[in-house]
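To start, the structure under review is shown below, and the notes come after it.
There are 2 protein chains.
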Amino acid sequence: MRNYQQDRPLTKSAIVIGGGLVGSLCVSLLAQRGYKVTLFEKRGDIRKLESANGRSINLALSHRGRQALKLIGIEDEALSHSISMKGRLLHNINGHTKSVIYDPVSNQCIYSIGRNYLNRALLDVAEKDPNVRLCFHHKLTDVDFQTGFITLKSIKSGEILQTTADLIIGADGAFSSLRSFMQKTALFNFSQNFIDHGYLELCIPPERGGKLHPNHLHIWPRRELMMIALPNLDNSWTVTLFMPFKKFESIRNSENLLHFFNDIFPDALPLIGETELKNFYFSNKPSALVSIKCNRYDMNGKFLIIGDAAHAMVPFYGQGMNAGFEDCFLLNEILNETRDDVGRTTVLFTKKRQIEANAICDLAMYNYEEMRDLVTKPSFVIRKLLDTYLAKIFPRIWIPLYNSVSFSHMPYSKCIENKHWQNQILYATFSLLILVMATLVVLLRAI
Amino acid sequence: MRNYQQDRPLTKSAIVIGGGLVGSLCVSLLAQRGYKVTLFEKRGDIRKLESANGRSINLALSHRGRQALKLIGIEDEALSHSISMKGRLLHNINGHTKSVIYDPVSNQCIYSIGRNYLNRALLDVAEKDPNVRLCFHHKLTDVDFQTGFITLKSIKSGEILQTTADLIIGADGAFSSLRSFMQKTALFNFSQNFIDHGYLELCIPPERGGKLHPNHLHIWPRRELMMIALPNLDNSWTVTLFMPFKKFESIRNSENLLHFFNDIFPDALPLIGETELKNFYFSNKPSALVSIKCNRYDMNGKFLIIGDAAHAMVPFYGQGMNAGFEDCFLLNEILNETRDDVGRTTVLFTKKRQIEANAICDLAMYNYEEMRDLVTKPSFVIRKLLDTYLAKIFPRIWIPLYNSVSFSHMPYSKCIENKHWQNQILYATFSLLILVMATLVVLLRAI
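Residue numbers (numbering that gives the first Met the number 0), protein chains in the order written: chain E, 0 to 446; chain W, 0 to 446.
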């Protein structure tokens, strides 16, 4: 399933800055088009590092990510190293649980996959391609948009390297170096907004992992805060606690912490373990969550930012990685369309992608409210039932929001539009229903 | 009028990054408090440079700027090198003009002052203070917020310098280096927004400058675009054309240009001169206008950004420099209040200033509409007459928006609030008037 463009051998070159998930996927996609690709990554080779603390950090892989992995032929391998999650398992404060299936009509799932595993697998694929050169420990230090040259510094030797290519891509994350240079040019609009909530990662160890209902994304929704758990292959679960920074700060000692967990997450505490909880909690600081928007991703017909560098989002729709992979998929499509006219491709990428990226950034922000609060409301349950019923009757027309985002490649902005007209239809129907009933009541009384 | 704090000799140190208007004023203010201050500026000493192209670029100095200049004893000198502007002189498309005085009640003026002159004067004052060391050609290359150390590189020798101080201030402009490091830390919200309009500077030479009505800020308001002119001491005028970038791009040759000026600014064309206009226009590119907002200006009890680095704004209220100078004034006040507790000062600075800076950024954006369009409308003329009348009767209560911004040190957010209640009173009065008149008509008919 590799999409070599064998009919027209290319002599184009590309540089990708950043060897995370999106960068290393992008390298492979460009290499199999025939580009000579160099990857520069600031840190060392993740494949040679021991995992920081033995815990796996996992992500939810869904349709958009899968279709990009398919292009480089590792979708199946990735799925075989992941755990399917067919729905949310909601834990209420009394420890009672309820399963809410994502797609009761056609049983589509999202997949919990280890970040480290996937990054390593993507680098392995890249390295096997003779068109690819991987350069670790290289930091971007300067960019000259006029000449198209970039300057990098080897962190190990201190050597300075000046280089260029036909296409230079920044996939270097939310605090992208390439973007920081773009931000200094005229007419580049940019915003970064942190939310007031932070997150802290905890863990349920393999020996107690079996006590959680399998194949679900577990949620403990508590209105102003929430905890979630995603499964790992070794039976452990990665648990993430999201709550206001102020709340994190207010929990200062072990007594506070155990009291808080006993009150708010009574069923999770024995699974995590009191000692382990104290260790996790007090040896780590909560991390911040940022949403980043730009009005363009391309510059001077050569430079492009993708993934978090272009549109970091809060993690509540599980779309950060998927949207980044979809960037690579789209880039490949536009290069097909323009027959590798790099200048036009970069401009078209902004044109096609910016509105979609803004849409998913907004959706991700909205979904935090859904996950930590709305899921517990009767209105949410009724809507879910209605959506399922209508999706069964009109499977091609009535696609609920979550499904269009996670199980289709419908443009994100279209997913929002869809939801709007679905709302309108439902409101109109209910209004009509009430009107008819009221009329009937009046008529019956009149008789 | 120097505010030496002679009663308590200080042994504090400060670093100011950026030797523009705000940075060099800030240096003097800190030095006269007793701080040992080092100024690092990326470029060379502006006093040793020939002015780039012989033209003066001028700015409108008003109350907030003046009160800060007064603190370092150069208000009078600055005013003696400036030209008062008592109002706007509006040029309509037929060449007819109309003077609209800013403050018909107490005749307050704003002052056109050369940027280069003022920057040089401020550096002269700073240099005379034994507490000050000026270091030109030094670029900020790294910041460690944890240790408080910054790294600078000498552009001339390549030498690397690591240093720190009790207080480190970034006054390094809209594309501040210090801010770019702050932006990479958690919970620092930031946005930069360019407007669709650019500007190009033109000139009316001294020999024809006498033909413009003196002591006014001239405006050619043309709804979608506008041109303004501010006077210089040598009888020349600095003319600035603001219009959409698309419009700039559509004027491609001399014929287009002269046609456009003949149509839109017929009375200005002979003053600028056809040959000179063509030279100015085609040898320069229009510049962009950016508005910058941050949710904080301080970091780790030591670092602070001020001026454009903290809150760059579009130039339409003439408050960019004045707000920057007011930052210095406020910083000095807070240092008085905290008795030079630097940590508390930086936190209080954000707390007191952020809402005000956002307010003036918004006002500046609004004033573009006023200057290029609203000033030509009858409703504007009526409101101006009403404001003048009411300000005469209630001089302490009824302060029109422009006056509170330009001729007072009322917090910017208060200026906006003021305008709101004034609007409410006027609307209520008019509504009452109409009600009374309608009642009278009904009564008269009934009789």
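Idealized CB from N, CA, C, for every residue including glycine.
These numbers come from a predicted model, not from an experiment.
Local Cβ density within 10 Å of residue i, reported as buried at 16 or more and exposed below that
i, result
"W/Y325", "Checking the displayed sequence, the identity of residue 325 of chain W turns out to be Glu instead of Tyr. W/E325 comes out buried."
"W/E40", "buried"
"E/N283", "exposed"
"E/A427", "exposed"
"W/E223", "exposed"
"E/G172", "buried"
"W/M226", "buried"
"W/M436", "exposed"
"E/Q145", "exposed"
"W/G94", "exposed"
"W/K292", "buried"
"E/F241", "buried"
"W/N462", "Lying before the first or after the last residue shown, residue 462 of chain W is absent from chain W, which here runs from 0 to 446."
"W/A51", "In this prediction, W/A51 scores a pLDDT of 49, lower than 50, which makes its location untrustworthy; the coordinate-derived value is nonetheless stated afterwards. The residue in question, W/A51, is exposed, as its Cβ has fewer than 16 Cβ neighbours within 10 Å."
"W/F429", "exposed"
"E/Q5", "Note that E/Q5 scores a pLDDT of 44, beneath 50, so its modelled location is shaky and nothing firm can be said."
Closest by C-alpha distance to residue i, when choosing among the options
i, options, result
"E/G157", "E/I168, E/H137, E/E332 and E/K245", "E/H137"
"E/S105", "E/V440, E/S407 and E/T438", "E/S407"
"E/P285", "E/A228, E/V440 and E/Y198", "E/Y198"
"W/A67", "W/G22, W/I218 and W/L425", "W/G22"
"W/F189", "E/V289, E/Q318 and E/D262", "E/V289"
"W/T387", "W/D75, W/H419, W/D102 and W/C25", "W/D102"
"E/M310", "E/D165, E/L362, E/V341 and E/N417", "The residue asked about is misnamed: residue 310 of chain E is His in this sequence, not Met. When each option's Cα is compared against that of E/H310, the closest is E/L362."
"W/Y134", "W/V15, W/M298 and W/L442", "Residue identity check: residue 134 of chain W is Cys in the sequence provided, not Tyr. If we check each option's Cα against that of W/C134, W/V15 comes out closest."
"E/Y367", "E/Q318, E/I333, E/N335 and E/L384", "E/Q318"
"W/S61", "W/Q423, W/E248 and W/S403", "W/S403"
"W/N464", "W/I424, W/W219, W/S27 and W/G169", "With chain W represented from 0 up to 446, any question about residue 464 of chain W goes unanswered, as that position is not in the structure."
"W/E275", "W/D128, W/S98, W/E200 and W/Q107", "W/E200"
"E/A125", "E/L29, E/E76, E/Q353 and E/G113", "E/L29"
"E/N91", "E/A267, E/L434, E/G72 and E/P205", "E/A267"
"E/G113", "E/G169, E/F148, E/A77 and E/T96", "E/A77"
"W/V99", "W/L270, W/V441, W/H212 and W/I354", "W/H212"
"E/S378", "E/A170, E/G18, E/L425 and E/A164", "E/L425"
"W/G107", "W/L122, W/S83, W/I194 and W/F187", "Sequence check: residue 107 of chain W is Gln here, not Gly. Taking only the C-alpha atoms, the option nearest W/Q107 is W/S83."
"W/A358", "W/I45, W/K376 and W/K418", "W/K418"
Three-state secondary structure (DSSP) of residue i
i, result
"W/L373", "helix"
"W/S12", "strand"
"E/Y316", "helix"
"W/W397", "coil"
"E/E223", "coil"
"W/C25", "helix"
"E/V131", "strand"
"W/N402", "helix"
"E/E76", "helix"
"W/Y110", "strand"
"E/R87", "strand"
"W/Y101", "coil"
"E/G53", "The predicted position of E/G53 is uncertain, since its pLDDT is 46 and thus under 50; a value taken from the coordinates is nonetheless stated next. Here E/G53 sits in coil by DSSP."
"W/M242", "strand"
"W/K41", "coil"
"W/Q145", "coil"
"E/T140", "strand"
"W/G64", "helix"
"E/I92", "coil"
"E/K35", "strand"
"E/L232", "coil"
"W/T163", "coil"
"E/K155", "coil"
"W/L334", "helix"
Residue i: CB within 7 angstroms of a non-hydrogen atom of the ligand GDP
i, result
"E/Y110", "By its list of ligands, the structure shown contains no ligand whatsoever, and the ligand GDP lies outside what it can speak to."
*Using 8 angstroms as the threshold, is the segment 54-65 of chain E in touch with the segment 380-397 of chain E, meaning 3 or more CB pairs across them?*
no
*Say whether the segment 24-38 of chain E touches the segment 181-188 of chain E, bearing in mind that this needs 3 or more beta-carbon pairs closer than 8 angstroms, one atom from each stretch.*
At 8 angstroms Cβ cutoff, the stretches do not touch.
*Is it true that the segment 346-355 of chain W meets the segment 295-303 of chain W, where meeting means three or more beta-carbon pairs spaced less than 8 angstroms apart?*
yes
*Any alpha helix (DSSP H) of 4 or more consecutive residues that is wholly inside the segment 247-325 of chain E*: With a minimum length of 4 residues, the continuous alpha helix (DSSP H) runs that stay inside the segment 247-325 of chain E are 253-263, 268-271, 273-282 and 307-310.
_Could you tell me which whole alpha helix (DSSP H) segments of length 4 or greater appear in the segment 180-221 of chain E?_
If we require 4 residues or more, the alpha helix (DSSP H) runs fully inside the segment 180-221 of chain E come out as 205-208.
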